[in-house]
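Numbering (our numbering), first residue to last: 1 to 97.
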């Protein structure tokens, strides 16, 4: 989703050569399942799955985009990471009682 956020913020379309399982060092199955879950949860849009007798055909990688829910998720997740880091630093500063 960070890549799609980057594309959104810079007015770019996603590059299907970047959006590949090997970019993330995962299997094709895991890659498309993850994209499917992100679509189902409303974080991204544009992916289409067509089921055939020989398996699923996925299209739309060049049309993927992040949704406002996806942007909100990334913003909240980033804030939580910063808060956790701050709490860990504060904990390290406090003397043991």
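Glycine included, every Cβ here is placed at the ideal spot set by N, Cα and C.
Please read these numbers as outputs of a predicted model, since none were measured by experiment.
Cβ neighbour criterion (16 or more within 10 Å) applied to residue 57: Within the chain shown, residue 57 is the residue found at index 57, counting from 1. Exposed.
Residues bridged to residue 45 (per DSSP): For the purposes of this step, residue 45 is taken as residue 45 along the chain shown, with counting starting at 1. DSSP lists 65 as partners of residue 45.
Helix, strand or coil for residue 56 per DSSP? By 1-based counting over the chain shown, the position of residue 56 is 56. Strand, per DSSP.
Applying the 10 Å Cβ sphere with the 16-neighbour rule, what's the burial state of residue 4? Start at 1 with the first residue of the chain shown, and residue 4 comes out as number 4. Per the 10 Å Cβ criterion, buried.
With distance defined between alpha-carbon atoms, name the residue in 48, 42 and 54 nearest to residue 68. As a working note, residue 68 is residue 68 in the chain shown. With distances taken between Cα atoms, residue 68 lies closest to 42.
Tell me where the alpha helix (DSSP H) around residue 40 begins and ends. Residue mapping note: residue 40 aligns to position 40 of the chain shown, counting from 1. Run containing residue 40: 28 to 40, per the alpha helix (DSSP H) assignment.
Of all the options 24, 64 and 2, which has the alpha carbon lying nearest to the alpha carbon of residue 36? Position 36 of the chain shown, counting from 1, holds the residue named residue 36. Of 24, 64 and 2, the residue nearest in Cα terms is 64.
List the residues that DSSP assigns as beta-bridge partners of residue 50. To locate residue 50, count along the chain shown from 1; it is residue 50. Answer by DSSP bridge pairing, in chain order: 57.
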